[in-house]
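Below is one structure, written out as structure tokens; comments come after it.
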Amino acid sequence: MVVPFLPFSIIIPAAASPPATAGFQPALMDQAPGYQANILTVIMRHEQKVPNQTSIRLWLVSKGCLSTLPELHSHPLPTTMHLLRHLNLRSILSAPRLLPPLASAHPYTTHAHHSHSSASFLSPHDPLPTIREQLRAIGEGSVDFNPDHAPGVALITLNNPAKHNALSGKMMAELADVVDTLEKWTRIESMERTELVGIVLTGSEGKSFCAGLDLSAAKSHLLTPTAGLTFSVLMQHTLTRLRNLPLFSVAGINGPALGGGAELATACDHRCMPHPAHKPAARIQFVQVKMGVTPGWGGGARLVELVGRSRALRLLGSTELVDATMGEEIGLVDVVAKEDESVVQAATKFLGAYVGPEGERNPVEAVRGMKRIVANATRLGAVTVEEVESAQLYEREVFGRCWGSEANLRAVNRPREKKR
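Residues -16 to -1, 1 to 404 (mature numbering (1 follows the signal peptide of the UniProt record, and there is no 0)) make up the sequence shown, in order.
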């Protein structure tokens, strides 16, 4: 069973000497306005950061979700554990100091397998390696990496077909791992994989390229603004690194690229779609607004760069779908596969121009150098690295205000027809 964590901080004299971690049942279990169920328990953890004071972190754990309660209050803790046991929820909520609603909420599960998972403490302020390992524990699927796909070309496959190749926390971490490996191999001083110049990113064999975030994993662990900001931090960082690699990348869009999947496609240098006769039809569609959110993986800013302000507004705000024909017309799609070839075959052939013909391979360091120059260049001198980082930060903040909102939760929990 999944329940929300609602944390806030309180200060007591160190003399109270609370246990390092304590879980206990308050004596009075009031029903609080805005809660769908009574508080189940209170969990405490303390840290002594200031001499003569102990900072206590207190969580109210509820069966239901915080729905209409406008604010969460902190409460001065009595100096004895006996008095603490007699606090009720209403007295805690009546205290004067305010904290933002849900902004610091954490997911929590009472299931024995997950109850002590680091995923329960996701924070966007944690170091990136910490965030990666916390997300690694969430969900299923895999990101498969084949560095020997074709001469000079590696293949990255999003493998979660039961969820239309949507990304779980585990897959986000594994995608970051793959980028780590590619960065290591392509350092100027590296002697590993010196033939590599291209990457194809695609979905596993099936019906989809990528359906964005795996909502089954999100419902268990990630439906709070804090969690949303946390995986946004990692995904923006990973996709920026992917785009800046001295390797030419192609998104092989073998099926619908929806929401976060569309953002993944924009992180590649090129995009390849199947022949229009291919069924089911592939499409790129920024469906975030229908989910009550905005792009959170950097795809909004990248889309403006790719297709221009006016077209980006249309695609983002109206959720208009882009097929192969329209994609070529607006410059979002670079290559369309022939009717008798797969997108992976077409994308690999497209990258062949960078690799060079067999027996006459282009000098690898020169090819990689061209990508380094483009990745490092500013567009018409108007966009600096700082401005790009600022745009991504702003996109993340807007996303964070929407993720976990009432509209977003309604969309996530809306019954869906099973896709055939």
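We treat Cβ as the ideally placed atom computed from N, Cα and C, and that holds for glycine. Quick caveat, the model's predicted, so the values are computed rather than measured.
In whole angstroms, what is the alpha-carbon distance linking Asn36 and Arg120?
Because Asn36 carries a pLDDT of 48, less than 50, the predicted location of this residue cannot be relied on, and no value is offered for it.
Quick one: what does DSSP say Met219 is sitting in, helix, strand or coil?
Helix at Met219.
Using only alpha-carbon positions, find the residue among Arg356, Ala251 and His221 that is nearest to Leu377.
Per the Cα distances, His221.
Looking at the strands, I want to know which residues DSSP matches up with Ser233.
Ile183
Which one of Pro209, Gly353 and Glu344 has the shortest CA to CA distance from Pro135?
Glu344
Which of helix, strand or coil does DSSP assign to Met275?
Met275: helix per DSSP, three-state reduction.
Roughly how many angstroms lie between the CA atoms of Arg394 and Gly353, to the nearest whole one?
Answer to the nearest angstrom: the Cα atoms are 48 angstroms apart.
Just grab the DSSP bridge partners of Ser126 for me.
Asn143
Taking 8 angstroms as the threshold (beta carbon to beta carbon), is Glu167 in contact with chain B?
Annotation note: the requested chain B is absent from the structure, which comprises a single protein chain.
Should Asp198 be labelled buried (16 or more other beta-carbon atoms within 10 Å of its own) or exposed?
buried
DSSP on Pro113, reduced to helix/strand/coil?
Annotated three-state conformation of Pro113 is helix, per DSSP.
Determine the direct distance from the alpha carbon of Leu159 to that of Arg293, and round the result to whole angstroms.
29 angstroms
Where the alpha helix (DSSP H) through Arg293 begins and ends:
Annotation: the continuous alpha helix (DSSP H) that includes Arg293 extends over Arg293 to Ser302.
Do Ala129 and Gly182 have their C-beta atoms within less than 8 angstroms of each other?
For the sequence presented, residue 129 should be read as Phe rather than Ala. Contact flag unset, no.
Quick check on Arg267: buried or exposed, where buried means 16 or more other Cβ atoms within 10 Å of its Cβ?
buried
Looking at the unbroken beta strand (DSSP E) that takes in Met257, where does it start and where does it end?
Here the beta strand (DSSP E) through Met257 covers His254 to Met257.
Considering only their Cβ atoms, is the gap separating Phe334 from His259 smaller than 8 angstroms?
no
Excluding the 5 residues preceding and the 5 following Tyr338 in the sequence, name in chain order all residues of the same chain whose CB lies nearer than 8 angstroms to its CB.
Gly136, Val181, Gly182, Phe232, Asn346 and Val351
Looking only at C-alpha atoms, which of Arg295, Ser302, Ala330 and Leu300 sits nearest to Glu313?
Arg295
Taking only the alpha-carbon atoms, compute the straight-line gap between His262 and Lys322 and give it to the nearest angstrom.
Each residue's Cα considered, the two are about 10 angstroms apart.
Reduced DSSP secondary structure (H/G/I, E/B, other) of Val317
DSSP places Val317 in coil when its eight states are reduced to three.
Using a Cβ-Cβ cut-off of 6 angstroms (strictly less than) and excluding sequence neighbours within five positions of Ala391, which residues of its own chain qualify?
Gly276
Suppose only complete runs of 3+ residues qualify. What are the beta strand (DSSP E) ranges in the region 186 to 212, listed by chain order?
none
Would the C-beta of His148 count as close to the ligand FAD, meaning under 7 angstroms from any of its heavy atoms?
Only the bare structure without any ligand can be found here, which leaves the ligand FAD out of the picture.
So Ala195 and Lys147 are supposed to be a Cβ contact under 8 angstroms. How far apart are they, rounded?
7 angstroms
Sheet register partners of Gln269 (DSSP bridge)
Note: Gln269 sits in a beta bridge opposite Leu242.
Write down the C-beta distance between Met155 and Asn144 rounded to the nearest angstrom, noting that I regard them as a contact closer than 8 angstroms.
6 angstroms
Per-residue burial, Val358 [other beta carbons within 10 Å of its own, 16 or more giving buried]:
exposed
Would you report the Cα separation of Asp324 and Ala330, rounded to the nearest angstrom?
For Asp324 and Ala330, the distance between alpha carbons rounds to 10 angstroms.
Under 8 angstroms between the Cβ atoms of Gln269 and Ala235?
Cβ distance not < 8 angstroms, so Gln269 and Ala235 don't count as in contact.
One question on the structure: do Gly187 and Gly239 come within less than 8 angstroms of each other, judged by their Cβ atoms?
Yes. Within cutoff.
What's the call for Gly244, buried or exposed, on a 16-neighbour Cβ count within 10 Å?
buried
Taking only three categories from DSSP, how would you classify Leu159?
helix
Endpoints, the alpha helix (DSSP H) within which Ile357 is located
Val348 to Asn360
Spatial neighbours of Ala251 within its chain, please: C-beta separation below 6 angstroms, excluding the five flanking residues on both sides.
Leu223, Leu226 and Arg227
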